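*Asks:* In this note's numbering, the protein residues as written are 43 to 440. We treat Cβ as the ideally placed atom computed from N, Cα and C, and that holds for glycine. These numbers come from a predicted model, not from an experiment.
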Amino acid sequence: MDICQIIEEVGTPCYIYDADFIRARHKDLCEALPQGKTRLFYAMKALSNLKILKVMRDLGTGVDTVSLFEIQMALQAGFEPNQIIFTPNLVDFSELEKAVEIGVGINIENLSNLEKFGIRYGASVPCCIRFNPHIALENDKESSMGWYEQSKFGIPYAQFNKILEIVSNYEIKVEGLHIHSSHVIMRDDILQKSAELMLEAAKKLPELEFLDFGGGLNPKQRKIEATNISKVGQQLGQLLLEFEQETNRVIHLRFEPGRYLVSEAGTLYVRVKVLKQNKEVTFAGVDSGFNHLIRPMLYGSSHEIENVSNPDGAYQEYNIVGNLCEADDFAKQYRISELREGDILAIKDTGAYGFSMSSQYNARPRPPEILINDGPPLLIRKREAYADLTRNQVEIRI
Ligand SMILES: Cc1ncc(COP(=O)(O)O)c(C=O)c1O
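(1) What are the boundary residues of the beta strand (DSSP E) that includes Cys-169?
(2) Considering only DSSP beta bridges, list what Ile-148 is partnered with.
(3) Among the residues of its own chain, which have a CB less than 8 Å from the CB of Lys-96, if the five just before and after it don't count?
(4) Following the continuous alpha helix (DSSP H) through Cys-56, name the residue where it begins and the one where it ends.
(5) Per DSSP, which residues does Ala-427 bridge with? Please list them.
(6) Measuring CA to CA, which of Tyr-57, Lys-158, Leu-282 and Phe-252 is closest to Glu-426?
(7) Quick check: Ile-214 and Phe-159, are their CB atoms within less than 8 Å of each other?
(8) In whole angstroms, what is the alpha-carbon distance linking Glu-359 and Lys-374?
(9) Please list the terminal residues of the continuous beta strand (DSSP E) segment that includes Phe-297.
(10) Looking at Gly-258 and ligand 1, is the gap between the Cβ and the nearest heavy atom below 7 Å?
(11) Nearest by alpha-carbon distance to Val-108: which of Asp-371, Ser-90 and Arg-408 is it?
(12) For Lys-140, which residues of its own chain have a beta-carbon under 8 Å away from its beta-carbon, when the five flanking residues on both sides are left out?
(13) If Phe-63 and Ala-243 are in contact, beta carbons under 8 Å, what's the gap, nearest whole angstrom?
(14) Beta carbon of Arg-229: closer than 7 Å to some heavy atom of ligand 1?
(15) Mind listing, in chain order, the continuous beta strand (DSSP E) runs of no fewer than 3 residues lying wholly within the segment 360-394?
(16) According to DSSP, what are the bridge partners of Ile-254?
(17) Quick one: residues in its chain with C-beta nearer than 8 Å to the C-beta of Tyr-357, no 5 flanking neighbours on either side, listed in chain order?
(18) Which runs of the alpha helix (DSSP H) at least 4 residues long sit entirely within the segment 297-321? Give them in chain order.
(19) Ligand 1 and Ala-116: does the residue's C-beta get closer than 7 Å to at least one heavy atom of that ligand?
(20) DSSP three-state label for Gln-106, please.
(21) Got a sec: does ligand 1 put a non-hydrogen atom nearer than 7 Å to the Cβ of Arg-301?
(22) Below 8 Å on the Cβ atoms is my contact criterion, and I expect His-220 with Cys-169 to pass it. Report the Cβ-Cβ distance as a whole number of Å.
(23) By Cβ distance below 8 Å, which residues in the same chain neighbour Phe-195 in space, the five residues on each side in sequence not counted?
(24) Return the first residue and the last residue of the alpha helix (DSSP H) that Val-52 is part of.
(25) Considering Phe-285, what are the terminal residues of the alpha helix (DSSP H) in which it resides?
(26) Check whether the segment 70-84 touches the segment 262-282, counting contact only when three or more Cβ pairs, one atom from each stretch, lie closer than 8 Å.
(27) Taking Cβ positions, are Val-363 and Asp-371 nearer each other than 8 Å?
(28) What residues match up with Asn-349 in a beta bridge as DSSP calls it?
(29) Alpha carbons only, please: which of Ile-148, Leu-387, Asn-211 and Arg-406 is nearest the one belonging to Ile-347?
(30) Mapping DSSP to helix, strand and coil, what is Arg-337?
(31) Excluding the 5 residues preceding and the 5 following Val-216 in the sequence, name in chain order all residues of the same chain whose CB lies nearer than 8 Å to its CB.
(32) Under DSSP, the beta strand (DSSP E) around Leu-82 begins and ends at which residues?
(33) List the endpoints of the continuous beta strand (DSSP E) containing Ile-414.
(34) Going by alpha carbons, who is nearest to Met-86 out of Ser-305, Glu-284 and Phe-285?
(35) Looking at the strands, I want to know which residues DSSP matches up with Ala-326.
(36) Mind checking whether the beta-carbon of His-222 lies closer than 7 Å to any heavy atom of ligand 1?
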């Protein structure tokens, strides 16, 4: 079945994922990062369909979760608790207690919960601590420091002594140190500094087993340079080796890739509904919007768009926009082969944070998800209907 047949069958808009891309990117990572010393935990927030989780499970990755329901979904997809890590942000301590009961790995990112964890568990349950490295580089104070100073994530490195005090007071077993700062961390210079800083901290934490660098590995995408993962692997491998030689201790690595594993695997297919001219701008209005793919509007992400119905037309410039009652651009001044009403467009590299950040804004149902894996295409989520928009709306006095 080719793409047009699938779309004929399920209609637009729809997300189609190709499992071969996931397997290929997973293989790239396994080959590039220090072998035998690296564990991958797929950041399921990027794309959390149960079937995608099963593909990940079959590849042997662990899974990184940020809420108790994500943990529940990972368990439902067949992951064992010891393959799951929980890296929530600023949550009530009771969530950590529930996660401990389930038996998943715990990542703590504030001093308040670290202290409660110590009081509650002492040395009986290990944990990982998330840092904010607060790195300012020469000539780059604004972008690196700006990010870290504004960030709510992680415990500032300046408070490391306080961490040590709490750890020692309650004899907490710190098995890992964690940093995630998305695109910022994966710059060579910042990665180098933060890894050095974590390894320095590791010297004061004798039970430490791993460093977790979170996600942030850039996949290939329009206007984004893909992260040179071999270089990341070599850089960190070298630092770990030096640490081993100096201390006689072996430290392992963890990564929590989201976009790198699933971005390229996903395409949002939409249909051009209306062409409209306003002075020199030609708008192509499609049957979707930021309710289905919010990253262009939220983060300015840029996606290659193909005219599947008319690939050989003459190239022209369009603003490709959604149908919501707000500014809702997929791409501005985009050159693409001539668009006609009814044409199908493929918005590429939308597997990550596409469906998972979608909404029902403007009372427009969410699209279906289809997976191309072995055998015929598999519908892995139905298109929502009117009933899904009103399902939980009640009039019950409380
Ligand atoms: C703690 C943590 N790990 C991993 C990720 C995944 O990041 P990415 O999709 O950029 O790989 C995120 C994203 O927000 C995160 O917050």
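*Replies:* From the atom records:
(1) Numbered from its first residue, the sequence shown carries residue 169 at position 127. First-last of the beta strand (DSSP E) with Cys-169: 169-174.
(2) As a working note, residue 148 is residue 106 in the sequence shown. Beta-bridge partners of Ile-148 (DSSP): Phe-128.
(3) As a working mapping, residue 96 is identified with position 54 in the sequence shown. Result list for Lys-96: Ala-119 and Gly-120, in chain order.
(4) Your numbering for residue 56 matches position 14 in the sequence shown. Counting along the chain, Cys-56 falls outside any alpha helix (DSSP H), though it belongs to the beta strand (DSSP E) covering 56-60.
(5) Working through the sequence shown from its first residue, we reach residue 427 at position 385. For Ala-427, DSSP records no beta bridge to any residue.
(6) As a position in the sequence shown, residue 426 is number 384, starting the count at 1. Per the Cα distances, Tyr-57.
(7) Position 172 of the sequence shown, counting from 1, holds the residue named residue 214. Position 117 of the sequence shown, counting from 1, holds the residue named residue 159. If you check the CB distance, Ile-214 and Phe-159 come in under 8 Å.
(8) Working through the sequence shown from its first residue, we reach residue 359 at position 317. Working through the sequence shown from its first residue, we reach residue 374 at position 332. Roughly 9 Å separates the two Cα atoms.
(9) Translated into the one-based positions of the sequence shown, residue 297 becomes position 255. For Phe-297, the enclosing beta strand (DSSP E) covers residues 294-297.
(10) Working through the sequence shown from its first residue, we reach residue 258 at position 216. The answer is yes for Gly-258.
(11) Here the question's residue 108 lines up with position 66 in the sequence shown. The residue with the shortest Cα to Cα distance from Val-108 is Ser-90.
(12) The residue you call residue 140 lines up with position 98 of the sequence shown. Excluding positions up to five away in sequence, the list reads Leu-110.
(13) As a first step, residue 63 is located in the sequence shown; it is residue number 21 there, counting from the start. As a first step, residue 243 is located in the sequence shown; it is residue number 201 there, counting from the start. Contact flag wrong, Cβ pair sits at about 36 Å.
(14) The sequence position of residue 229 within the sequence shown is 187, counting from 1. No.
(15) Runs of the beta strand (DSSP E) inside the segment 360-394: 371-379 and 386-389.
(16) For the purposes of this step, residue 254 is taken as the residue at position 212 of the sequence shown. The residue asked about is misnamed: residue 254 is Asp in this sequence, not Ile. His-220 and Arg-296.
(17) Along the sequence shown, one-based indexing puts residue 357 at 315. Cβ neighbours of Tyr-357 beyond the five flanking positions: Arg-377, Ile-378, Ser-379 and Glu-380.
(18) You should have 301-304.
(19) Locating residue 116 in the sequence shown gives position 74, counting from the first residue. With a cut-off of 7 Å, the C-beta of Ala-116 is classified as distant from ligand 1, since no heavy atom of the ligand falls inside that distance.
(20) Numbered from its first residue, the sequence shown carries residue 106 at position 64. In the sequence as presented, Gln is not what sits at residue 106; that position holds Asp. The answer is strand: DSSP assigns Asp-106 an E or B state.
(21) Walking along the sequence shown from the start, residue 301 turns up at place 259. At least one heavy atom of ligand 1 is nearer than 7 Å to the Cβ of Arg-301, so yes.
(22) One-based indexing of the sequence shown puts residue 220 at position 178. One-based indexing of the sequence shown puts residue 169 at position 127. At roughly 10 Å, the Cβ-Cβ gap does not stay under 8 Å, so His-220 and Cys-169 are not in contact.
(23) As a working note, residue 195 is residue 153 in the sequence shown. Same-chain partners within the cutoff: Asn-131, Glu-151, Arg-172, Asn-174, His-222 and Ser-223.
(24) For the purposes of this step, residue 52 is taken as residue 10 along the sequence shown, with counting starting at 1. It spans 45-52 - the alpha helix (DSSP H) in which Val-52 sits, taken as one unbroken run.
(25) Looking up residue 285 in the sequence shown gives position 243. Phe-285 -> alpha helix (DSSP H) spans 271-289.
(26) In short, these stretches touch, since the Cβ pair count reaches three.
(27) As a working note, residue 363 is residue 321 in the sequence shown. As a working note, residue 371 is residue 329 in the sequence shown. Judged by their CB atoms, Val-363 and Asp-371 are nearer to each other than the 8 Å cut-off.
(28) Position 307 of the sequence shown holds residue 349. DSSP lists Leu-387 as partners of Asn-349.
(29) Here residue 347 is taken as the residue at index 305 of the sequence shown, counted from 1. For Ile-347, the closest of Ile-148, Leu-387, Asn-211 and Arg-406 by C-alpha to C-alpha distance is Leu-387.
(30) For the purposes of this step, residue 337 is taken as the residue at position 295 of the sequence shown. Under the three-state reduction of DSSP, Arg-337 is assigned to helix.
(31) Position 174 of the sequence shown, counted from the first residue, corresponds to residue 216. Here the set comprises Pro-168, Cys-169, Cys-170, Ile-171, Val-209, Leu-247, Glu-249 and Leu-250.
(32) Within the sequence shown, numbered from 1, the residue matching residue 82 stands at position 40. Note, Leu-82: beta strand (DSSP E), 80-85.
(33) Within the sequence shown, numbered from 1, the residue matching residue 414 stands at position 372. It spans 411-414 - the beta strand (DSSP E) in which Ile-414 sits, taken as one unbroken run.
(34) Here residue 86 refers to the residue found at position 44 of the sequence shown. Cα-wise, what sits closest to Met-86 is Ser-305.
(35) The residue you call residue 326 lines up with position 284 of the sequence shown. When DSSP reads this structure, Ala-326 sits in a beta bridge with Leu-317 and Ile-362.
(36) In the sequence shown, the residue the question calls residue 222 occupies position 180. His-222: yes, Cβ under 7 Å from ligand 1.
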